[in-house]
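Colleague: Right, I'll just put the structure down here and ask away after.
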Amino acid sequence: MDPLQFLLIRRSCGKLVAPAPCGEARANLFRAAVNVPDHGRLRPWRFITAEGAELQRLGDILAAAEQTRGGDEAAVARARLLPSRAPLVVMVVARLKPHDKVPPWEQQAAAICAAHALQMAAVAQGFGAIWRTGYFARDTGVAAALQLVEGESLVGFIYIGTAVEQMPQPPLQDLAQLVSALP
974 MDPLQFLLIR RSCGKLVAPA PCGEARANLF RAAVNVPDHG RLRPWRFITA EGAELQRLGD
1034 ILAAAEQTRG GDEAAVARAR LLPSRAPLVV MVVARLKPHD KVPPWEQQAA AICAAHALQM
1094 AAVAQGFGAI WRTGYFARDT GVAAALQLVE GESLVGFIYI GTAVEQMPQP PLQDLAQLVS
1154 ALP
């Protein structure tokens, strides 16, 4: 597919099954992610993967966070099942570093770009993917369970697998509402 056409029709896919990328396809996810704009070449990110039995462990982490949050039994059960939505979950972690020329917001932006590139690399290789954030991405209990250290934060969860269904074309945007010339 033409690269521009790919960008124009890209959609997130929430219904994912096995297989997930493996071998060279999996390596390509991370090659794309680490090749994003990165002022100072700080590499202000890292990745945590979960698959197989690790998805159940991740589910337990999310369920514990939901329980601490005060969720009822149904919400805790739902949180426990969230990682089972895909055969591979990649957690993208921003690793902010003190730097004279690269402020924290720019390092966070680089980590966000890494998450986007990882998702795009999955889709470009014929897999489905969706980037999730929400409460669990900001929860201190989840961060502790994932062994995040000071200066690290979770950018999000990238769920990756094989798409169950074709996603509809994105709606056309009224670019006049979004783009203007310098006043």
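Going from the sequence shown to the working numbering is simple: count from 1 and add 973.
All C-beta atoms, glycine included, are put in the ideal place defined by N, C-alpha and C.
Keep in mind that this is a model prediction, so the values were computed, not measured.
Using only alpha-carbon positions, find the residue among Gln1150, Gly996, Leu1002 and Arg1019 that is nearest to Gly1101.
Modeller: Translated into the one-based positions of the sequence shown, residue 1101 becomes position 128. Per the Cα distances, Leu1002.
Colleague: So Glu1125 is in the alpha helix (DSSP H); what residue range does that whole segment cover?
Modeller: Along the sequence shown, one-based indexing puts residue 1125 at 152. No alpha helix (DSSP H) holds Glu1125; the beta strand (DSSP E) holding it covers Glu1125 to Ala1136.
Colleague: Should Trp1078 be labelled buried (16 or more other beta-carbon atoms within 10 Å of its own) or exposed?
Modeller: Taking the first residue of the sequence shown as 1, we reach residue 1078 at position 105. Its Cβ having fewer than 16 others within 10 Å, Trp1078 is exposed.
Colleague: Gln1080 and Pro1010 look like a contact to me (Cβ under 8 Å); what is the Cβ gap, rounded to whole Å?
Modeller: Within the sequence shown, numbered from 1, the residue matching residue 1080 stands at position 107. Within the sequence shown, numbered from 1, the residue matching residue 1010 stands at position 37. Incorrect: roughly 11 Å between the Cβ atoms, too far for contact.
Colleague: Relative to the C-alpha of Gly1013, which residue among Gly1044, Pro992, Pro1071 and Ala1000 is closest?
Modeller: Taking the sequence shown and counting its residues from 1, one reaches residue 1013 at position 40. The shortest C-alpha separation from Gly1013 is found at Pro1071.
Colleague: Using the three-state DSSP reduction, which class does Leu1061 fall into: helix, strand or coil?
Modeller: In the sequence shown, residue 1061 corresponds to position 88, counting from 1. Reduced to three states, the DSSP call for Leu1061 is strand.
Colleague: Of all the options Arg1019, Val1007 and Arg999, which has the alpha carbon lying nearest to the alpha carbon of Glu1125?
Modeller: On the sequence shown, position 152 is the one that residue 1125 refers to. Looking at the Cα atoms, Arg1019 is the closest of the given residues.
Colleague: Just to confirm, is the Cβ distance from Ala1136 to Leu1035 under 8 Å?
Modeller: To locate residue 1136, count along the sequence shown from 1; it is residue 163. To locate residue 1035, count along the sequence shown from 1; it is residue 62. It is not a contact, given that the beta carbons lie outside the stated cut-off.
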